[in-house]
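A quick write-up on the structure given underneath.
Number of protein chains: 2
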Amino acid sequence: MLTSTVIRLRARGSGLLPRAMGEFGHAAFLAIVRQVAPDLSQALHDAGARLPYSVSPLYGGRLTGRGVQVQPDRTYWMRFTILDPGLYAVFSRYFADSSAPDVAITLGGVPFAVEELTSSAKLDPWAGYTTFAKLASSAACEPVVALQFWSLTAFSLGHGPGAAARYGILPDPVLVFDSLLRRWNRFADAPLADPNEWRQWLAEHVVVSAHRIRSESWQFRQHPQVGFVGDCTYQVVGGSAAQVRQLNALADFAFYAGVGMKTAMGMGQCRRVGRSASV
Amino acid sequence: MLTSTVIRLRARGSGLLPRAMGEFGHAAFLAIVRQVAPDLSQALHDAGARLPYSVSPLYGGRLTGRGVQVQPDRTYWMRFTILDPGLYAVFSRYFADSSAPDVAITLGGVPFAVEELTSSAKLDPWAGYTTFAKLASSAACEPVVALQFWSLTAFSLGHGPGAAARYGILPDPVLVFDSLLRRWNRFADAPLADPNEWRQWLAEHVVVSAHRIRSESWQFRQHPQVGFVGDCTYQVVGGSAAQVRQLNALADFAFYAGVGMKTAMGMGQCRRVGRSASV
């Protein structure tokens, strides 16, 4: 089960939260899991960089140059996506066991009451649920695929020879759809494609056909992080129907998986959009 | 001698010229050369895709959805850059031999009088002249290099297996600085670097650190062409001083060479800008 859960939050205090809210969202998420399932919490902690969930920034606040201004009694929202059924069971039990007025989380020192929580796409366009099998079987054979990179997105390119960390901040087809394939293969029962063959196919057959993007920098607590936001349309040039469908499945999967690095820290929030939105 | 010549033009008629003005600028440029040096004209015609000059679109007109609206007695401008000293001699002789009021060119059926023609950077920021030797010797050792892609820019990626033409429309460091090196090596007395080593170095040591870009499409007479415009900042991660200086020389060279494909048709107009302009 892949789920995207939107949480509507009412602020019970005020504060200026940094734009890289995912850091606090991540902490809040881990606090919830720790409370109801300490063992799972430890397992998550040990899982390293490839986490089976993503956490969005806090949306709905007024964005200033210094961060997100939160005011009492205003409503905000964030979302968690979960790629692991066991983890989703823990997460939903926490909210099911609590009577609504008592559920609260703290983000960067500011308390919030949870007003609503939904995984239904009918109730919120950023919510939803599906399965890997359904994503694969219902994937379209559409040669034009548009993605909206909604929060800061970047790819770790490792370290250059004797040099500092390098990041990819362009929506390169190979980087984007390789990131998605690796996440799919890690969490699904069966791999969707062979990673090396997939990278080769992307390089030869998938081009960017339209975009409108800009870089941004988020100040995390310890360091700044550069990335990009915006819209990008990909087009398959040649390629078999099976591969085009794999590309479509991964584009749909982006809604749950996020794209690139630090998807548990607010980065890489992404969703598929219609053709016209990205040109 | 590398020259960038800005030509101020006063319209003697009206018309709606297509946005891909370079097609007309190219025709006007060839008409000038044909008039004063028929042999050179034939040589240019035979030179194929790698032409020793670039031609900008027409600037200064009101841009509508259908093209550039030209009105009588309004002033417009375009620029030619020339990478070959013999060609520049021909070009400048044409204007020197003519008394100013008589010099005229026709762009897409609309007649224009040439009011001013300059290669002095003091008179116009898009004008200038230099040499390959000066570019190489005066290149800075600046690890941060920002480029402004001023007109539609794209890279030909060749044809996929059994597929249509593919274009690169992201300012990928390898594509941008490989395009510049190939043009340098073609027109300079001595190559600046080995192409294969240079591509390898770019892939390992140069990343995009900031950008604000969007794709656009130009309607050429025969076909539409996709590309991008905007600002992009490159950062060297590691790398020797000699290579950083080569990168700086190529960034300066972009002003004369243009970047990517169809630089004789208005595409790929590019110049180096200060750091702050591109973030």
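Taken in sequence, the protein lines are chains A and B.
One rule links them: number in the working numbering = place in the first sequence (from 1) + 8.
One rule links them: number in the working numbering = place in the second sequence (from 1) + 8.
We put the CB at the ideal spot given by N, CA and C, even for glycine.
*Which of the three DSSP states, helix, strand or coil, is assigned to serine 145 of chain B?*
Serine 145 of chain B falls in the helix class under three-state DSSP.
*asked:* Using only the alpha-carbon positions, how far apart do serine 128 of chain B and alanine 97 of chain B sit?
replied: Rounded to the nearest angstrom, the gap between the Cα atoms of serine 128 of chain B and alanine 97 of chain B is 16 Å.
*Would you call the CB atoms of alanine 147 of chain B and alanine 272 of chain B closer than 9 Å?*
No, these two residues do not count as a Cβ contact at 9 Å.
*Is it buried or exposed for threonine 72 of chain A, if we count other Cβ within 10 angstroms and need 16 for buried?*
Exposed, since its Cβ has fewer than 16 Cβ neighbours within 10 Å.
*asked:* So glycine 168 of chain B contacts chain A; which residues on that side make the cut at Cβ distance below 9 Å?
replied: Under the 9 Å cutoff, chain A gives Glu212, His213, Val215, Val245, Gly246, Gly247.
*Confirm, please, whether the CB-CB distance from serine 62 of chain A to glycine 266 of chain A is below 9 Å.*
Cβ atoms of glycine 266 of chain A and serine 62 of chain A: closer than 9 Å.
*Please report the Cβ distance between isoleucine 15 of chain B and leucine 183 of chain B, rounded to the nearest whole angstrom; I am assuming they are in contact, meaning their Cβ atoms lie under 8 Å.*
That pair is no contact at about 30 Å.
*Go ahead and pull the three-state DSSP assignment for serine 223 of chain B.*
Strand, per DSSP.
*Could you give the DSSP three-state label for arginine 207 of chain A: helix, strand or coil?*
Of the three classes helix, strand and coil, the one that applies to arginine 207 of chain A here is helix, per DSSP.
*Comparing alpha-carbon positions, which option in A/Gly268, A/Pro93, A/Phe140 lies nearest phenylalanine 157 of chain A?*
Closest option to phenylalanine 157 of chain A, Cα to Cα, is A/Gly268.
*Taking only the alpha-carbon atoms, compute the straight-line gap between glycine 116 of chain A and glutamine 233 of chain A and give it to the nearest angstrom.*
If I take the Cα positions, the gap works out to 19 Å.
*Closest Cα partner of serine 223 of chain B within the set B/Leu189, B/Tyr102, B/Met275, B/Val215*: The residue with the shortest Cα to Cα distance from serine 223 of chain B is B/Met275.
*Along chain B, in chain order, which residues have C-beta atoms closer than 9 Å to that of alanine 172 of chain A?*
For alanine 172 of chain A, the C-beta contacts it makes with chain B under 9 Å involve Val245, Gly246, in order along the chain.
_Nonlocal neighbours in the same chain, by C-beta distance under 7 Å from phenylalanine 163 of chain A, ignoring five residues either side_ = Once the five neighbours on either side are set aside, the close Cβ partners of phenylalanine 163 of chain A are Tyr175, Gly176, Leu183, Ser187, Gly268, Met269.
*Could you have a look at phenylalanine 99 of chain B and say whether DSSP puts it in helix, strand or coil?*
Three-state DSSP puts phenylalanine 99 of chain B in a helix.
*For the beta strand (DSSP E) containing proline 179 of chain B, list its first residue and its last residue.*
No beta strand (DSSP E) contains proline 179 of chain B, which DSSP labels as neither H nor E.
*Return no unless some Cβ of chain C is closer than 9 Å to the Cβ of aspartate 186 of chain B.*
Given the protein chain composition of this structure (A and B), no chain C is represented.
*What's the gap between the Cα of serine 107 of chain A and the Cα of phenylalanine 99 of chain A?*
In this prediction, serine 107 of chain A scores a pLDDT of 49, lower than 50, which makes its location untrustworthy; the coordinate-derived value is nonetheless stated afterwards. Those two C-alpha atoms are separated by around 15 Å.
*asked:* Taking the alpha carbon of phenylalanine 37 of chain A as the reference point, which residue from A/Ser217, A/Gln208, A/Ala112 has its own alpha carbon closest?
replied: Answer by Cα proximity: A/Ala112.
_At the level of alpha carbons, what is the spacing between arginine 280 of chain B and serine 49 of chain A?_
Distance between the alpha carbons of arginine 280 of chain B and serine 49 of chain A is about 51 Å.
_Proximity of alanine 135 of chain B and threonine 83 of chain B at Cβ, strictly below 9 Å_ = Cβ distance not < 9 Å, so alanine 135 of chain B and threonine 83 of chain B don't count as in contact.
*DSSP-derived helix/strand/coil call for leucine 25 of chain B*: Secondary structure of leucine 25 of chain B (DSSP, three-state): strand.
*Tell whether a beta-carbon distance below 9 Å holds between alanine 172 of chain A and valine 245 of chain B.*
Yes, they are a contact pair.
*Which residues, taken in chain order from the segment 217-229 of chain B, show a beta carbon closer than 7 Å to some beta carbon of chain A?*
Of all residues in the segment 217-229 of chain B, Ser217, Ala218, His219, Arg220, Ile221, Arg222, Ser223 have a Cβ within less than 7 Å of some Cβ in chain A.
*Give the secondary structure of tryptophan 134 of chain B by DSSP, where H, G and I count as helix, E and B as strand, and everything else as coil.*
Residue state for tryptophan 134 of chain B is assigned as coil, using DSSP reduced to three classes.
*By the criterion of Cβ-Cβ separation under 8 Å, what are the contact partners of tyrosine 175 of chain A in chain B?*
Correct list: Val215.
*Just mark arginine 191 of chain A as buried or exposed, buried being the case when its beta carbon has 16 or more other beta carbons within 10 Å.*
Looking at its Cβ environment, which holds 16 or more other Cβ atoms inside 10 Å, arginine 191 of chain A is buried.
*Run of the alpha helix (DSSP H) containing leucine 255 of chain A, from where it starts to where it stops*: In the DSSP assignment, leucine 255 of chain A falls within the unbroken alpha helix (DSSP H) covering 249-265.
*With which residues is tryptophan 85 of chain B paired in a DSSP beta bridge?*
In the DSSP output, where bridge partners are listed per residue, tryptophan 85 of chain B has B/Arg16, B/Tyr67.
*asked:* At the level of alpha carbons, what is the spacing between leucine 327 of chain A and leucine 178 of chain A?
replied: In the structure as shown, chain A begins at 9 and stops at 287. Residue 327 of chain A is therefore absent and cannot be evaluated.
*Cα-Cα separation between alanine 218 of chain B and histidine 231 of chain A, rounded to whole angstroms*: Cα to Cα, the separation comes out at about 17 Å.
*Where does serine 127 of chain B sit, in a helix, a strand or coil, going by DSSP?*
In the three-state DSSP reduction, serine 127 of chain B falls in the coil class, being neither helix nor strand.
_Strictly below 8 Å CB to CB, what residues from chain A border leucine 178 of chain B?_
Here the neighbours are Leu178, Pro179, Asp180, Val216, His219.
*Would you please verify whether the beta carbon of phenylalanine 236 of chain B is less than 9 Å from any beta carbon of chain A?*
For phenylalanine 236 of chain B, the answer is yes, since a Cβ of chain A falls inside 9 Å of its Cβ.
*Determine, using beta carbons only, whether leucine 155 of chain A comes closer than 9 Å to chain B.*
No - not a single Cβ of chain B is within 9 Å of the one on leucine 155 of chain A.
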